[in-house]
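Quick notes on the structure that follows.
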Amino acid sequence: MTGLYRSADPDRGPGRAGARPGSGPVAVLDRLPPDLLAQIEVHRSLAAELAAPPRFEVPRPRAPRGEAPPAPSRRRRSRLFTHELPALIGAAVIAVTGIVVSAGPAPTAAAPPQARQIGCVQDVDGTGCLVPTPVAQDGPLYVDPTTPAARQVEEWTAQGRTADADALRALADRAVPLWLTGGDGTRSTVAAYTARAAAAGTIPLFVAYNIPDRDCGSFSGGGAADAAEYRSWIESVAGGLGGAESIVVLEPDALSHQLTGCAEEGGSGRYELLAGAVDAFTAAGARVYIDAGNPGFTGDAAATAAALERAGVDRAAGFSLNVANFYTTEASVAYGTAISEALGGGVRFVVDTSRNGAGRPGEPTDGAPNWCNPPDRLLGTAPTLDPGIPLVDALLWIKRPGESDGSCRAGEPEAGGWFPDYALDLVID
68 MTGLYRSADP DRGPGRAGAR PGSGPVAVLD RLPPDLLAQI EVHRSLAAEL
118 AAPPRFEVPR PRAPRGEAPP APSRRRRSRL FTHELPALIG AAVIAVTGIV
168 VSAGPAPTAA APPQARQIGC VQDVDGTGCL VPTPVAQDGP LYVDPTTPAA
218 RQVEEWTAQG RTADADALRA LADRAVPLWL TGGDGTRSTV AAYTARAAAA
268 GTIPLFVAYN IPDRDCGSFS GGGAADAAEY RSWIESVAGG LGGAESIVVL
318 EPDALSHQLT GCAEEGGSGR YELLAGAVDA FTAAGARVYI DAGNPGFTGD
368 AAATAAALER AGVDRAAGFS LNVANFYTTE ASVAYGTAIS EALGGGVRFV
418 VDTSRNGAGR PGEPTDGAPN WCNPPDRLLG TAPTLDPGIP LVDALLWIKR
468 PGESDGSCRA GEPEAGGWFP DYALDLVID
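Numbering of the sequence shown is given in the working numbering, commencing with residue 68 and proceeding in unit increments.
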C-alpha cells in the first residue's frame, strides 16, 4: 500500500531522473478526490499504528497460583480479527474504489486537424504569410476587443466550433477603424473610443463617412442632410478626438464620385466640406488622409491630384487608396505614386490591404458587381505603420474584413452588416 503515497525522499519520488511525468502510483494518487484521500490516510495511519511494535511493555496479569497463564496466541488472534485485519481491508477497498472512479472512461484520441490552411495574412513584402498573433495589443494601432469579429470568435468557441474560431482570430486580433457614419452621440462615442486607445498606449483609427449624398445613393447611401449638418457633425467628431493622436480616413469615394459627376453636391461645395474637415481634424490631433479612390475608379492621376488639392491635401497627412476594394498593393502603390508626382512629389498616402490578398475578382461574380462581396478573396498585408514602401505611411485594414459591401445577392447583409460566412471565407484558403 505504501506505493500509493508520495515518498519523503525526493530521489524516490516521481520527479527523479528518468521518471516519466504523470505516471506511476503518485500520478494515480493525484487523481483521487480530496475526501477519498483523507479516508485512505486515516486507514493507512491506523494500519501502521497497529502493525508497529509496542512502545512500552504492558505487564501481563499474573495468573492465580496453580493456573496456567493466558495463551498469547489467543490474544493476538483476537486483536488481528477485531482491529488490524478490518483496517487493512477497509484501506484496500477504498483505494481500489478510488482508482476505478478517478480513472474514468478510457481517453479518446484527439481528432486529426482539418485539412485546410488558416487564412493568409500576407507579410509586408508579399512573399509569405504571417501567423496571426493572439495578443490583442501587439503594435501601435488600437485593436478593439468588441468588434463583430471578436464577438464571433467568442460565440463559435462557446458552440464548439473551435477550428472556425481559431481561423477568425486572423481578423479579431488586428486593428480596424471605427467607422463614423452620423447620428447622435458622435462626440461621446469618439471620446470613449479615443480614451480606450490611449489607455492601451495605442493609436485609434477612424473613418469619417457622412458626406451629403454619400455613395451617390447606392448601397451605402445616406449621409448628412446638408452642408450645415455636416459641418456640425465634423465639429462633434473633432471634439471627441480632443487633441489625442489618431488617424482619420476622410470620406471614402467622395472625391471619386465628384469626379465622375454622380454626386448631387456639385460645384465647390463638396471640396469645401472636405477641406473644412481636414482642418478641424488636424487641429484635433489627427493625421488625416483624404480618400482618392482606387486605380479603377477614374484611373486619372492628374484629375485626382487636382481634386485632392481643392480638398486641402496640402494641410492633410496625405491621401488613401483602395478603400473597400481589391486592387493589389503593387497596383495601388503605383497609382498613388503617380498621384503624388502630379501633386509635385513627396505627398504621402496609405493603402487599404484588408481584402486584396488574392487581387481583384473577374467578372461576373454571381450577377453582382465585382466589388461587392466577391467570393474567394483573401486578407492582404497585416496593418502596419512601417511598410517600408516609398511614400507609403501605412498599410491599413480600412474596410473591416467580414463586413458586407451591400445586399448585392439574396441573403447578404446590408452595407456594413456583419457577414460571418464571408468573413470565414476570407481567412480560409
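Glycine is no exception: its CB is placed at the ideal position from the N, C-alpha and C atoms. Here the structure is a predicted model, which means the values were calculated and not measured.
{"query": "Helix, strand or coil at A435 [DSSP, three-state]", "result": "strand"}
{"query": "Opening and closing residue of the beta strand (DSSP E) in which A275 lies", "result": "272 to 275"}
{"query": "Backbone secondary structure at E222 - three-state DSSP", "result": "helix"}
{"query": "Buried/exposed call for D358, threshold 16 Cβ in 10 Å", "result": "buried"}
{"query": "Assigned exposure category for D320 - 16 Cβ within 10 Å defines buried", "result": "buried"}
{"query": "Given G290 as reference, the closest of T248, G309, T327 once Cα atoms are compared", "result": "T248"}
{"query": "L208, DSSP secondary structure in three states", "result": "strand"}
{"query": "Which of helix, strand or coil DSSP assigns to G306", "result": "helix"}
{"query": "For G307 and A258, the rounded distance between their alpha carbons", "result": "4 Å"}
{"query": "Status (buried if at least 16 other CB within 10 Å, exposed otherwise) for P457", "result": "exposed"}
{"query": "Spatial neighbours of G309 in its chain, beta-carbon cut-off 8 Å, leaving aside the 5 residues before and after", "result": "A258, T261, A351, G352"}
{"query": "For E470, the residue or residues it bridges with in DSSP", "result": "W485"}
{"query": "Assigned exposure category for G403 - 16 Cβ within 10 Å defines buried", "result": "buried"}
{"query": "Residue from G328, A242, G288, G206 whose Cα sits closest to the Cα of G483", "result": "G288"}
{"query": "Residues near S399 by beta carbon distance below 6 Å, same chain, minus five either side", "result": "L388, N389, V418"}
{"query": "Whole-angstrom distance between N437 and S335, CA atom to CA atom", "result": "31 Å"}
{"query": "Outcome for T229 when other beta-carbon atoms lying within 10 angstroms are tallied against a minimum of 16", "result": "exposed"}
{"query": "Range covered by the alpha helix (DSSP H) that runs through L388", "result": "Premise fails: L388 lies in the beta strand (DSSP E), 385 to 388, not in any alpha helix (DSSP H)."}
{"query": "Buried versus exposed call for E318 [16 or more other C-beta atoms within 10 Å across all chains shown]", "result": "buried"}
{"query": "Pick from A461, Y276, F393, C283 that is closest to R444, judged by C-alpha positions", "result": "F393"}
{"query": "Proximity below 8 Å, CB of W485 to CB of P212", "result": "no"}
{"query": "Beta-carbon proximity list for A347, same chain, < 6 Å, skipping 5 on both sides", "result": "I301, A305"}
{"query": "Residue range of the alpha helix (DSSP H) that includes S421", "result": "First-last for S421: undefined, no H or E at that position."}
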